[in-house]
Each structure stands twice: as C-alpha cells, then as structure tokens.
Amino acid sequence: MLDPQFTPRSSAREYGAPAEQRQRPMLWAVAGLLMLLATGQVRAATATTTFNVSATVQTSCSVSASDLAFGIYDAASATDTTATSTIAVTCSLATAYTISLNNGNFYSSTRRMGTGAARLAYDIYRDVGMTGIFGLAASALGVSGIGTGLAVNTTIYGKIPKNQAVAPGSYSDQITVTVEY
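Position 150, counted from 1, in the sequence shown is what this note's numbering calls 153; the numbers after and before it change by one each time, with no gaps.
What follows is the structure, given as structure tokens:
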C-alpha cells in the first residue's frame, strides 16, 4: 500500500541532485541552438538571380589649340619671322584621326593676316624645317595620328616671310582646326 504522504518527485532538484546536473539540460539546449545558428543551418529560404553589366564606348575626339603669336614683324629684317603653337587632340584609345587647318579669312594663294584693307602674308607648316604646309586633310596636307585616350600635342610652325612692304598696324587672322576621325 502506498503511503498517503508520499508524492512522486519529478525533477532532479527535488531529488537533491547537484546544481551542476540540474543546469546541464539547459546548457545543452543553448549550445545546440548556437551551433545551428553558427553553421547556418537555421535560415530563411533564399532565391538568386543574375544581371548583365554593359557599356558602349563611343569613338570620340576633342581638340584645342593655342594662339600662333608672331609678335613684332620688322619689314626691314633680313630674316623671316617665326613662331610655334600647339594643337592638342584627345581621342578615344586606338582611334585614327587627321588634323587639318583651313586657309583663314584672307587667303589668296597664301594665308594672309589683315588689318583693314592691308594684308601680311604668312603660312603654317607641319615640320620644323617649314617645308610641308599644314593645310586641308582633303589635299593630304593634314597631320594624322592615333588616339591614346590622353591629349596628344602637335606642334605647328608659323612663318611670316621677310621683306614684305606692308603698312604698320595690328594684323590678325583666324584659323579653324578640324579633326576627322
């Protein structure tokens, strides 16, 4: 027969188990949860996709030029008056281009600067020896190059021939630089 004062004991604490044994089940549960989280086993579902990345590089060029300033021309001088200038062309990498110059505003068998009705002859050359006139690309007098993606400088050489009988004054002209690519 059962003792009426007997009540079954249901936990280790009630049986007088040491505190260490009473905490062990909880530690194992926490450790298991941490392991699942650390290994990525507990996750939400995932979905993936891909996308393309693209760009089109267009062929392009830009051009700038510094003024060709001769300074003072002495009509009585025994030598030609010379000056240099620079044309800077920036074209996309590996782009072939040709630089050409028009004849200016007062051209008549040669380039000329003007002041009023007076004219002062000059010309622009592609080389330091001033033997190759820098002109229109269509007449094969332009300068060609290949774009590097950076500015490429081309020096131009100007000359006012000596012994021109011209009136004193401030002479000028305007040249258009064209880059074909």
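C-beta atoms are modelled at their ideal positions from N, C-alpha and C, and glycine is treated no differently.
Only a predicted model underlies this, so the values are computations on that prediction, with no experimental measurement involved.
Assuming residue i is part of the beta strand (DSSP E), what are its boundary residues?
| i | result |
| --- | --- |
| Met116 | 114-118 |
| Tyr160 | 154-163 |
| Ser147 | 146-149 |
| Ser65 | 64-68 |
| Val180 | 180-183 |
Specify the secondary structure class of residue i as computed by DSSP and reduced to three states.
| i | result |
| --- | --- |
| Leu30 | helix |
| Ala15 | For Ala15, the pLDDT reaches just 49, beneath the cut-off of 50, and the residue's location in the model is therefore unreliable, although a value from the coordinates is still provided. In the structure shown, Ala15 sits in coil (DSSP, three-state: anything other than H, G, I, E or B). |
| Val169 | coil |
| Ile75 | coil |
| Thr89 | strand |
Could you tell me the alpha carbon to alpha carbon distance between residue i and residue j, rounded to whole angstroms?
| i | j | result |
| --- | --- | --- |
| Thr59 | Asp130 | 37 Å |
| Arg115 | Gln167 | 12 Å |
| Val146 | Val66 | 13 Å |
| Ala50 | Cys64 | 45 Å |
| Ile149 | Tyr184 | 9 Å |
| Val56 | Thr151 | 25 Å |
| Pro171 | Gln61 | 50 Å |
| Ile75 | Val92 | 29 Å |
| Gln177 | Thr52 | 59 Å |
With distances taken Cα to Cα, identify the nearest neighbour of residue i among the options.
| i | options | result |
| --- | --- | --- |
| Tyr128 | Thr49, Ala47, Thr87 | Thr87 |
| Ala120 | Ile102, Phe109, Thr113 | Phe109 |
Where are the alpha helix (DSSP H) runs, 4 residues long or more, that stay fully inside the segment 92-136, in chain order? None, since the segment 92-136 contains no complete alpha helix (DSSP H) of that length.
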